[in-house]
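In mature numbering (1 follows the signal peptide of the UniProt record, and there is no 0), the protein residues as written are -27 to -1, 1 to 173.
For every residue, glycine included, the Cβ atom is placed at its ideal position computed from N, Cα and C.
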Amino acid sequence: MFQTAIRRALPQVLLALASIGAVGASAATIDVAGVKLDDGIELRGSKLQLNGAGVRYKAVFKVYTAGLYLGKKVGTTEEALASAGPKRITVTMLRDIDANELGKLFTRGVEDNMPRNEFSAVVPGLLRMSQVFTEQKQLKAGDTFTVDWVPDTGTVVTVKGVVQGEPIKEHAFFNALLRIWIGPNPADWKLKDALLGKSA
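Okay, here's the thing in structure tokens:
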């Protein structure tokens, strides 16, 4: 009788243990303005961790949530730029925005954060990025795009889950994009601090 009770209870016990295991195995997430970001991801076989995440504000309006993924946590712009291996910037829109306008803002952000004599080297990549956003026309609240640096491949831009064209080979281009958010004249100072792990 006792053994029969155990046999009957066994499926429920195993199910409960499986559920606990599944919860333990799943990646932790953080919530930033309603956007869930995984604490760790895998990119082209490399494990990356969320260095920091925050919200880009324009005046009092929330524009997008951004997250920076690196191989190991850093606290300065220089360390982030020099970080080895794959990297990812992820952006999720918090409001509808004209994609072409966003592309122009990115170009201005690159120009504001690098020496004038180095800017010409990244112009071809910026023209490609501008074309990507022009073709998108509009990004709606909830839409996500990622910009990945993959060694030996280049910068890979993915919009709403679709890779956009061929990778942009030059590492300088990815770092120029990264400086939009964490350079000397960032798009949003609070977001810069958040991406570098200096604030929640």
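7 Å Cβ cutoff met for residue i and residue j
i: Val120; j: Leu150; result: yes
i: Phe147; j: Val64; result: no
i: Gly44; j: Leu168; result: no
i: Ser103; j: Gly76; result: yes
i: Arg101; j: Ile70; result: no
i: Gly27; j: Leu164; result: yes
i: Gly58; j: Ser19; result: yes
i: Leu99; j: Thr128; result: no
i: Ala6; j: Arg68; result: no
i: Tyr37; j: Leu23; result: no
Exposed unless 16 or more other CB atoms sit within 10 angstroms - verdict on residue i
i: Asp161; result: buried
i: Gly(-7); result: With a pLDDT of 40 at Gly(-7), under the threshold of 50, the modelled position of this residue cannot be trusted, and the question is left open.
i: Val135; result: exposed
i: Thr107; result: exposed
i: Ile153; result: buried
i: Lys110; result: exposed
i: Ala72; result: buried
i: Val60; result: First, the residue type needs correcting, since residue 60 is Lys and not Val in the sequence shown. It is buried - the Cβ of Lys60 has at least 16 other Cβ atoms within 10 Å.
i: Ala39; result: buried
i: Gly13; result: exposed
i: Ala(-3); result: Any reading at Ala(-3) must be qualified, since the residue scores a pLDDT of 41, below 50, and its modelled position is unreliable; the value itself is stated next. Exposed, because fewer than 16 other Cβ atoms sit within 10 Å of the Cβ of Ala(-3).
Nearest-angstrom Cβ-Cβ length linking residue i and residue j, presumed shorter than 8 Å
i: Met66; j: Asp11; result: Rounded, the Cβ-Cβ distance is 18 Å, inconsistent with contact.
i: Ala145; j: Val95; result: 6 Å
Within-7 Å CB hit, residue i to chain E
i: Thr65; result: The chain inventory of the structure shown lacks chain E, comprising one protein chain alone.
Heavy atom of the ligand PLP within 6 Å of residue i beta-carbon
i: Gly127; result: The ligand PLP is absent from the structure shown, which contains no ligand whatsoever.
- Say whether the region 1 to 10 touches the region 45 to 53, bearing in mind that this needs 3 or more beta-carbon pairs closer than 8 Å, one atom from each stretch. no
**Report entry** Uninterrupted alpha helix (DSSP H) stretches inside the region 81 to 155 (no shorter than 4 residues)
**Finding:** 89 to 109, 144 to 155
Next item on the list: Report yes or no: do three or more beta-carbon pairs, one from the region 14 to 33 and one from the region 82 to 99, lie closer than 8 Å?
Entry: no
(request) May I have a chain-ordered list of the beta strand (DSSP E) segments no shorter than 3 residues that lie completely inside the region 9 to 50? (result) 13 to 16, 19 to 31, 34 to 43
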